[in-house]
Structures are given as C-alpha cells and as structure tokens.
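So that you can map any letter, position 241 of the sequence shown is 1130 in the working numbering, and since no number is skipped, the others follow by simple counting.
Using N, Cα and C, we set each Cβ at its ideal position, and we do this for glycine too.
Written out below as structure tokens is the structure these notes cover.
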Amino acid sequence: MKLPEFKLERFFAKYEFSVRFLLSASDCESLTMAELLAMADAHSLRLWKNLGLGYTESAGHPDLREAIARLYPGISADDILTAAPEEGIFIALNTLLDKGDHVIVIHPAYQSLYEIPESLGCTVTRWGLQPGGGSWHLDLDALEKDFRPETRLIIVNFPHNPTGYLPTRAEYDRIIALARSRGIYIFSDEMYRLLEFDITGRLDAVAARYEKGITLSGLSKAFGVPGLRTGWLATRDRALLKRFASFKDYTTICGSAPSEVLAIMALEAKDKIIARNMEIISRNKAVAEEFFTRYPDLFTWIPPMGGSVAFPLLERRMPAEGFCEEIVRSKNVMILPGSVFDFGGNHFRVGLGRRDFHAALGLVADYVAGR
Ligand SMILES: Cc1ncc(COP(=O)(O)O)c(C=O)c1O
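Take a look at the structure:
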C-alpha cells in the first residue's frame, strides 16, 4: 500500500514549530503536566508514582478502558481498543476494507478518512458538505442515491473538521437507519465530540447507537492533551474488535505506559477540562464572528456548531492560498488554506481552541487594514 503525501500534516510540518502564531490549529490549548497532575485523583496519582515502564496491555490499560467506556452508555471496557487516533483510523479502515469495496466519505475531511480507502483500492464517493444561507448542509437524499450493491462503509465525522458542522439528531438517525437497512458499517470520527456549543445537540456515539458502528475518538482535541497520543476505537462488534487488535500487532502493539496513566487522569478530570476548553472556544468564536462579519466584502463567516475549528470563505478575488502565504510571510501567522482538504471554493480553516487566538487574529486584522 502506497500513500500519497498528507497535505495538511506536511503544511503543518513546515510551520508548526517555527511561526509565532498558529491560527488554524485544531486542538484545544494543551494542558501542562503540572495542570494535569493537579487535577488527578488519589488513585491515578498512585498509578503514576508506581508506574513501571514495561510493555503495556495491548488492548489498553484496564482502568483506561473503563474510563473510556464510562463516556458511552451501553459500552463496556471490552468494547474498547486503545490506539493513537490516527493509528485507530489506519487500523479500522485497513481491517474493514478490501480492494473493490465502495465507501462513502463525508467531504471535506481529514485526509486519512478518504486516502486510506483510496490507497486500498476502494472506490470512494465523496459526500459533500455545502455552504449556503449562513450554514453548512449535508444532503441525505444524495447519500441514499450514492449506495451501491458493493457499498461497505460510510465514514462520517461530527462535529466536523474543518467546518464545525453537526447534523440534527433526526438527520443522524436517518444516516444510521440507511446504513442499518443495508447492513453497512459506519465509521464515525468523533474526535471533536463533547465540544458542542448547544449541548442538547450532542449526538450519541455511533458505537452506542448502532451494532455496526465504530467510534474513533481520543484525547487530542476536546481534552487538550494531543501529546499523549492516546485515542481509541469502540464497537460492540466483538469479532471486528478482535480483528482490530490483531492489526495493532503490526502498528504500535501497545500504548505508552506514561501516556496511559496521564490519559486516565485526563478522563477522570473530563468535566473540568471540557469546561476550560469550551470557555476558550466560546470566547474565540465570538471574537472570530465579530472580526469576519466586519468585512463582508472579504469574508463569509459560517458559524461552527461544535468542535474547535471553523471554515470561513474568502472572497474569490483573493485566492486563499495566496492570502495564507502572504500572512505567514508578513505577520508570522499560519493559516491553513482549504486546498489542503482537496476542497473547492476559497475557504480557510481557523482554530478556535488556543488562548492566543485574539492576538493572532489581531495580526490578520493589521494585514487586512493595510491592504
Ligand atoms: C477529524 C480528525 N480525525 C483524526 C485526527 C487525528 O488525531 P491525532 O492527530 O491526535 O492522531 C485529527 C487530527 O487533526 C482529526 O482532525
């Protein structure tokens, strides 16, 4: 299997640790070790102090899997396999798919969600989100028409990167019903779950709702600890989970011992961490909305419904790639053009999870004012 360049990751690799501000990061402000340890309960502190640095259980530390399972009603620790989030995508898609399968993938999307199926020789239909009337839309009738006899998998990501789109519960139910009636698996990337702006719109994890649903999630976005490289696959299909576990023998075999214990701490402190991150995101979202709507001839602001990113539109007389290039060169602020998502239009991504968002946007304002 040969994989082409991961455009977004290569773009980040160029700038992530050299520019002054990242205006497009998708994660929330990272916690420090001191912050996380200060939130830890006595049990996890004991685990931390007595931690051995040997290999760990391949499925994941039992306490970690218990803590993950508590996020999902009806899911038990035995329905979980831990893996770094990107690794979880790789394991699941390689296990589920064969050459010639047809896969329907939400688009735009995090590149591995469609690139891995394509590289495996699958036929991929991109199920496109469209902007209109101040929000993003997914056409469920189009999904219904996209099914073929060889359709094997639907891949979704809600709240969505890069648009912040979240379907209604009724729409989500319909996606599940369409898959169920055809016996098709759903792979649901839920990396941004728990960051919904209206909590009543939060969707159930697909693993809890659908017997052929696979949830991918992790601690990189909502929990602000991407450096732990900790995530998981959850599914009630035990036979499938066993196959995922066998595949993991060829990736990392098992998780990092220190990361597992720090991950338990983060999950135990979930409410505090999510509240902290939602406060940052909500503040930044208000700042972004005020800024982008101030220049209606230049930007169209499309408010996200959840997650830590948004995908505004830049008016066409200024191509997004050139706009991003000029800003990084003149202001030392990195902005991600929509082209890294293979998405037409003239969008760019902004990340709402960082504390320096206001300062970074101030430099973009200087650039816009000086044009
Ligand atoms: C939608 C989505 N899925 C998966 C990942 C992978 O997460 P990680 O980088 O922690 O492996 C990302 C990271 O940006 C993402 O945005």
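query = Can the beta-carbon of Lys1034 be found closer than 9 Å to that of Ile1073?
reply = Reading the sequence shown from its first residue, position 145 is the one you call residue 1034. Reading the sequence shown from its first residue, position 184 is the one you call residue 1073. No, the pair does not count as a contact, with Cβ atoms beyond the cut-off.
Relative to the C-alpha of Ile978, which candidate in Cys1143, Met1080, His932 has its C-alpha closest?
In the sequence shown, counting from the first residue as 1, residue 978 sits at position 89. Among Cys1143, Met1080, His932, the Cα nearest to that of Ile978 is on Met1080.
* Whole-angstrom distance between Asp1245 and Val908, CA atom to CA atom -> The residue labelled residue 908 in the question sits at position 19 within the sequence shown. The residue labelled residue 1245 in the question sits at position 356 within the sequence shown. Going by the C-alpha atoms only, they are around 13 Å apart.
Check: Comparing the CB of Arg1098 with every heavy atom of ligand 1, is any distance shorter than 8 Å?
Finding: What you label residue 1098 is simply residue 209 of the sequence shown in a count that begins at 1. Answer for Arg1098: no, Cβ out of range of ligand 1.
### Message
By the DSSP assignment, the beta strand (DSSP E) with Ile1075 in it spans what residues?
### Response
Start at 1 with the first residue of the sequence shown, and residue 1075 comes out as number 186. 1074-1078 is the span of the beta strand (DSSP E), which, as asked, contains Ile1075.
- When the Cα of Ala1096 is compared with those of Arg1069, Thr1124, Pro1115, Thr1089, which residue comes out closest? Residue 1096 sits at position 207 when you count from the first residue of the sequence shown. Nearest of Arg1069, Thr1124, Pro1115, Thr1089 to Ala1096, Cα basis: Thr1124.
Ser1024 to Ile1191 span [Cα, whole Å]: Here residue 1024 is taken as the residue at index 135 of the sequence shown, counted from 1. Here residue 1191 is taken as the residue at index 302 of the sequence shown, counted from 1. Cα-Cα distance, rounded: 5 Å.
Discussion item. As a quick exercise: from Met1167, Glu1157, Gly1116, Leu1105, pick the residue whose alpha carbon is nearest that of Thr921.
Written reply: Working through the sequence shown from its first residue, we reach residue 921 at position 32. Here the closest residue by C-alpha is Gly1116.
Query raised in the report: By DSSP, does Glu1085 sit in helix, in strand, or in coil?
Result: Along the sequence shown, read from residue 1 onward, the residue named residue 1085 stands at position 196. Strand, per DSSP.
What distance in whole Å lies between the Cβ atoms of Leu1156 and Ala956, which are believed to be in contact at a cut-off of 8 Å? Here residue 956 refers to the residue found at position 67 when the sequence shown is read from its first residue. Here residue 1156 refers to the residue found at position 267 when the sequence shown is read from its first residue. That pair is a contact at about 4 Å.
Residues in the same chain with beta-carbon distance under 8 Å from Ser919, minus the five sequence neighbours each way, listed in chain order, please. Locating residue 919 in the sequence shown gives position 30, counting from the first residue. Result list for Ser919: Gly1113, Val1114, Pro1115, Gly1116, in chain order.
Notebook entry, point to check: Using DSSP with H/G/I as helix, E/B as strand and the rest coil, what is Ala972?
Noted result: On the sequence shown, position 83 is the one that residue 972 refers to. Strand.
Enclosing alpha helix (DSSP H) for Ile1163 [first to last residue]: For this step, residue 1163 is matched to residue 274 along the sequence shown. Start and end: 1159-1183.
query: Would the C-beta of Ser915 count as close to ligand 1, meaning under 8 Å from any of its heavy atoms?
result: Residue numbering aside, residue 915 sits at position 26 when the sequence shown is read from its first letter. Because some heavy atom of ligand 1 lies under 8 Å away, the Cβ of Ser915 counts as near it: yes.
Quick check: Lys896 and Ser1197, are their CB atoms within less than 9 Å of each other? In the sequence shown, the residue the question calls residue 896 occupies position 7. In the sequence shown, the residue the question calls residue 1197 occupies position 308. Contact: no.
Note to self: Is any non-hydrogen atom of ligand 1 found closer than 8 Å to the C-beta of Met1080, if you look at the structure I gave you?
What the structure shows: Position 191 of the sequence shown, counted from the start, is the residue given in the question as residue 1080. Within the cutoff, so yes.
For ligand 1, any of its heavy atoms closer than 8 Å to the Cβ of Pro974?
-> Working through the sequence shown from its first residue, we reach residue 974 at position 85. Checking every heavy atom of ligand 1 against the Cβ of Pro974, one is found closer than 8 Å.
Report the residue from His1247, Asp1255, Pro1226 whose alpha carbon sits nearest the alpha carbon of Phe901. Translated into positions along the sequence shown, residue 901 becomes position 12. It is Pro1226.
Between Leu970, Val1257, Leu1241, Thr1141, which has its C-alpha nearest Ala914's C-alpha? As a first step, residue 914 is located in the sequence shown; it is residue number 25 there, counting from the start. The shortest C-alpha separation from Ala914 is found at Leu1241.
Whole angstroms are fine: how far does the CA of Arg1037 sit from the CA of Arg1172?
The residue you call residue 1172 lines up with position 283 of the sequence shown. The residue you call residue 1037 lines up with position 148 of the sequence shown. One C-alpha to the other measures close to 44 Å.
Sequence-distant residues of its chain with Cβ nearer than 8 Å to Ser1219 (five each side left out): Within the sequence shown, the letter at position 330 stands for residue 1219. If we look at Ser1219 and ignore the five residues flanking it on each side, its Cβ neighbours are Tyr1256.
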